[in-house]
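Q: What follows is a single structure, and I will ask about it in a moment.
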Amino acid sequence: MAEIKGKVWNFGDNIDTDVIIPGRYLRTFNPNDLALHVLEGERPDFTKNVEKGDVILAGENFGCGSSREQAPVAIKAAGVDVIIAKSFARIFYRNAINIGLPVVVADIEADDGDIVSVDLENGIIINETKDTKVEFQAFKEFMVNILSDGGLVKHYLKTKE
Numbered sequence: 001m002a003e004i005k006g007k008v009w010n011f012g013d014n015i016d017t018d019v020i021i022p023g024r025y026l027r028t029f030n031p032n033d034l035a036l037h038v039l040e041g042e043r044p045d046f047t048k049n050v051e052k053g054d055v056i057l058a059g060e061n062f063g064c065g066s067s068r069e070q071a072p073v074a075i076k077a078a079g080v081d082v083i084i085a086k087s088f089a090r091i092f093y094r095n096a097i098n099i100g101l102p103v104v105v106a107d108i109e110a111d112d113g114d115i116v117s118v119d120l121e122n123g124i125i126i127n128e129t130k131d132t133k134v135e136f137q138a139f140k141e142f143m144v145n146i147l148s149d150g151g152l153v154k155h156y157l158k159t160k161e
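Next up, the structure:
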């Protein structure tokens, strides 16, 4: 998997799945429709300004709350290529990997708009704006393969070809 590089959007601690995609929008399973409302209650400017390749940076316990699978789907459909947080709710972490959205446990300093690059295979995040580097536990090869293939189901189907 190539290096992921994008613009940072900062969020705080305990961003729960109802904040990520409120229940009132769950009448659809269309990822593009969900993306129109992702994180709008927390940052109304997010859905209007997020771009393909952007990075979410958060504090502790990102994705807590329900096991709502639409939460990581909405984030990925909005264009976010990686989420970096101090910690994740376990089920959110698993749901994100299952759909091919990288989630990295790390504590980095970055402001909104900073450009960061993430190397999953070597466990390195570089804040290119501030010229700082943070190491994290590198992803094992099988995890990189799952993410590169677009998620667990696509990876499974590819291995059966």
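Take the sequence shown: its position 38, counted from the start at 1, is 38 in full-length UniProt numbering, and no numbers get skipped. Ideal Cβ placement from N, Cα and C applies to all residues, glycine included.
#1: Using a Cβ-Cβ cut-off of 6 angstroms (strictly less than) and excluding sequence neighbours within five positions of tyrosine 25, which residues of its own chain qualify?
#2: Within 10 angstroms of the Cβ of leucine 157, are there 16 or more other Cβ atoms? Answer buried if so, exposed if not.
#3: Using three-state DSSP, classify leucine 147 as helix, strand or coil.
#4: Report all residues from its chain with a CB closer than 6 angstroms to the CB of alanine 96; omit the five preceding and five following residues, and keep chain order.
#5: For lysine 86, which of Ile108, Lys140, Arg94, Glu135 has the nearest alpha-carbon?
#6: For the beta strand (DSSP E) containing leucine 57, list its first residue and its last residue.
#7: Alpha carbon to alpha carbon, how far is valine 8 from glycine 100?
#8: When you compare only the Cα positions, how much space is there between aspartate 16 and glutamate 161?
#9: Based on Cα-Cα distance, which residue from Phe88, Lys5, Ala106, Arg94 lies nearest to glutamate 69?
#10: Within 10 angstroms of the Cβ of lysine 133, are there 16 or more other Cβ atoms? Answer buried if so, exposed if not.
#11: According to DSSP, simplified to helix, strand and coil, what is threonine 132?
A: According to the structure shown:
#1: Walking along the sequence shown from the start, residue 25 turns up at place 25. Closer than 6 angstroms at the Cβ level, and outside the excluded window around tyrosine 25, lie His37.
#2: Looking up residue 157 in the sequence shown gives position 157. Exposed.
#3: Within the sequence shown, residue 147 is the residue found at index 147, counting from 1. Residue state, collapsed to three classes: helix.
#4: Taking the first residue of the sequence shown as position 1, residue 96 is located at position 96. These residues qualify, in order along the chain: Pro72, Val103.
#5: Stepping through the sequence shown from its first residue, residue 86 is reached at position 86. Out of Ile108, Lys140, Arg94, Glu135, Ile108 has the C-alpha closest to the C-alpha of lysine 86.
#6: Your numbering for residue 57 matches position 57 in the sequence shown. Run containing leucine 57: 55 to 58, per the beta strand (DSSP E) assignment.
#7: Against the sequence shown, residue 8 aligns to sequence position 8. Against the sequence shown, residue 100 aligns to sequence position 100. Each residue's Cα considered, the two are about 19 angstroms apart.
#8: To locate residue 16, count along the sequence shown from 1; it is residue 16. To locate residue 161, count along the sequence shown from 1; it is residue 161. So the alpha carbons of these two residues sit roughly 37 angstroms apart.
#9: Translated into positions along the sequence shown, residue 69 becomes position 69. Per the Cα distances, Arg94.
#10: On the sequence shown, position 133 is the one that residue 133 refers to. With fewer than 16 other Cβ atoms within 10 Å, it is exposed.
#11: In the sequence shown, residue 132 corresponds to position 132, counting from 1. Of the three classes helix, strand and coil, the one that applies to threonine 132 here is strand, per DSSP.
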